[in-house]
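K.L.:
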Amino acid sequence: MAAALQILFMRRHFRRERVFRDRTNPLELYNDEDMIKRYRFPRATVLELIDRVSPMIETPTRRSMSISTSTQVKASGDDEPNFVCRKGYHAINVQAVVDHKLRFTNVVVRWPGSTHDAFILQQSALYRHMDTNLNAGWLLGDSGYPLKVWLITPLANPSNPQEQRFNNSHCKTRNIVERAFGVLKQRFRCLHKTGGALSYRPERSTNIIETCFRLHNLAVEKNIPLNLDQPLPILHNDHINQQQNIAAQALRNQLIQRF
Numbered sequence: 001m002a003a004a005l006q007i008l009f010m011r012r013h014f015r016r017e018r019v020f021r022d023r024t025n026p027l028e029l030y031n032d033e034d035m036i037k038r039y040r041f042p043r044a045t046v047l048e049l050i051d052r053v054s055p056m057i058e059t060p061t062r063r064s065m066s067i068s069t070s071t072q073v074k075a076s077g078d079d080e081p082n083f084v085c086r087k088g089y090h091a092i093n094v095q096a097v098v099d100h101k102l103r104f105t106n107v108v109v110r111w112p113g114s115t116h117d118a119f120i121l122q123q124s125a126l127y128r129h130m131d132t133n134l135n136a137g138w139l140l141g142d143s144g145y146p147l148k149v150w151l152i153t154p155l156a157n158p159s160n161p162q163e164q165r166f167n168n169s170h171c172k173t174r175n176i177v178e179r180a181f182g183v184l185k186q187r188f189r190c191l192h193k194t195g196g197a198l199s200y201r202p203e204r205s206t207n208i209i210e211t212c213f214r215l216h217n218l219a220v221e222k223n224i225p226l227n228l229d230q231p232l233p234i235l236h237n238d239h240i241n242q243q244q245n246i247a248a249q250a251l252r253n254q255l256i257q258r259f
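Just so we're aligned: 155 in UniProt numbering is position 155 of the sequence shown, and the numbers increase by one with no gaps anywhere.
1) List the endpoints of the continuous alpha helix (DSSP H) containing PHE181.
2) Nearest-angstrom Cα distance between ALA180 and VAL98?
3) Taking the DSSP output, what are the residues bridged to PHE213?
4) In angstroms with no decimal places, state the Cα-to-Cα distance between LEU29 and GLN257.
5) Quick check: what's the CA-CA separation for SER159 versus PHE166?
6) For LEU198, collect the residues of the same chain with a Cβ closer than 7 Å to its Cβ; drop the 5 residues on either side in sequence, then sort them by chain order.
7) Once DSSP output is grouped into helix, strand and coil, what is the label at VAL46?
8) Measuring alpha carbon to alpha carbon, tell me which residue in ILE176, PRO154, CYS85 is nearest ASN168.
9) Counting beta carbon pairs with one atom in the stretch 116-133 and one in the stretch 212-227, are three or more of them shorter than 8 Å?
10) Between VAL107 and PHE213, which are expected to be in contact by the criterion C-beta below 8 Å, what is the C-beta distance as a whole number of angstroms?
11) Figure out for me which residue from HIS100, TRP111, GLY113, ARG128 has the closest Cα to the Cα of LEU140.
12) Which residue marks the beginning of the beta strand (DSSP E) containing SER104, and which one marks its end?
13) May I have the straight-line CA-CA distance separating LEU134 from PRO26, to the nearest angstrom?
14) Near LEU126, which residues of its chain fall below 6 Å by C-beta distance, leaving aside the five closest residues on each side in sequence?
15) Following the continuous beta strand (DSSP E) through ASN253, name the residue where it begins and the one where it ends.
16) For the beta strand (DSSP E) holding ILE92, just list the boundary residues, first then last.
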C-alpha cells in the first residue's frame, strides 16, 4: 500500500506538462507543405520576412512618431476610364525585365491599363539608362515595343526561312518573360483575373503588385516549390509597333544573318 501511494505521489509531481498550442498561429499549426500551399512560403521564410518587415509595421509611440509632410491622394472618379485596358477590364499596366532564372530585375508599376507599352518604356529610368549606355547589352521585346539598337523586336512579316528562324529563336528566348509572369500569377492568384483580381484603389493595388514581385524573387532565390493548381493561359501582345530606326534595323539584319 505504501509503495502504491509512493508511485501515485511520483506521478503527480513528475508528470509531463501539457503543451497548449496556439491554434490561431499558422506557424505552429501547419507544416512546411501546408504553409506553402496556404501562404506560398515555408515557415523559415515567413519568419525571415517577419524580421524584415517588423521595424516598418510597428505601432509608433508618441515619442517615436514623426510628422508626415505628405498626404495620401485618392484616385478621382474622372480617372476611372484610364484604367480600362484594351481587353476591356480595369488594370494597371506593368513593365518588367526578366532574367534567365525567372527573376524580375526591373519593374515599373504605376501606369493605368490604357497606357501603351511603348509610352511606359519611354518614360522609364530603364529607357534612359539603356539609351545612354549602348554597350549595356540587348533586351528582347515583343512587337508592341519600338525597335532600338538595345531593344530587339521580332520581324512583323518574315519573308524567308532565315528571318523565320530568327523570329522563332526570338520567340523561344522571350518566352522566359511569359513563363515568369505565369509563375508570378500562379503563386499570387490575386494578380490574375481568375483569382478575383484586386478590389482596391490603384494606389493600394500598386503596393500589393510591387510586393508580389519582391516575394516572387525571394521564392525563386530560395527555390521554394510552386503550388500548381491550374495552369494559367499565356497572353501574347498582338499589337505591332511601327517605330524603327535605321541603325536598329541594320543591327537586327546583322543578327538575322547568323540564322
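Note that CB positions come from ideal geometry on N, CA and C, so glycine has one too.
P.N.:
Quick look at the numbers:
1) Looking at the DSSP string, the run of the alpha helix (DSSP H) that includes PHE181 is 161-187.
2) CA-CA distance, ALA180 to VAL98, rounds to 7 Å.
3) Looking at the DSSP assignment, PHE213 forms no beta bridge with any residue, so it has no partner.
4) Each residue's alpha carbon lies about 60 Å from the other.
5) Answer to the nearest angstrom: the Cα atoms are 11 Å apart.
6) Hits under 7 Å: CYS190, SER205, ILE208.
7) In this structure, VAL46 counts as helix in the three-state DSSP scheme.
8) Of the candidates ILE176, PRO154, CYS85, PRO154 places its Cα closest to the Cα of ASN168.
9) Flag = no, the stretch 212-227 and the stretch 116-133 do not touch.
10) Yes, VAL107 and PHE213 are in contact; Cβ-Cβ is about 5 Å, under 8 Å.
11) It is HIS100 whose Cα lies nearest to the Cα of LEU140.
12) Per the sequence shown, the amino acid found at residue 104 is Phe instead of Ser. Its beta strand (DSSP E) spans residues 104-112.
13) CA-CA distance, LEU134 to PRO26, rounds to 50 Å.
14) In its chain, beyond the 5 residues on either side, ASN106 have a beta carbon closer than 6 Å to the beta carbon of LEU126.
15) First-last for ASN253: 246-256, but that is the alpha helix (DSSP H), not the beta strand (DSSP E).
16) Going by DSSP, ILE92 is part of the beta strand (DSSP E) stretching over 92-98.
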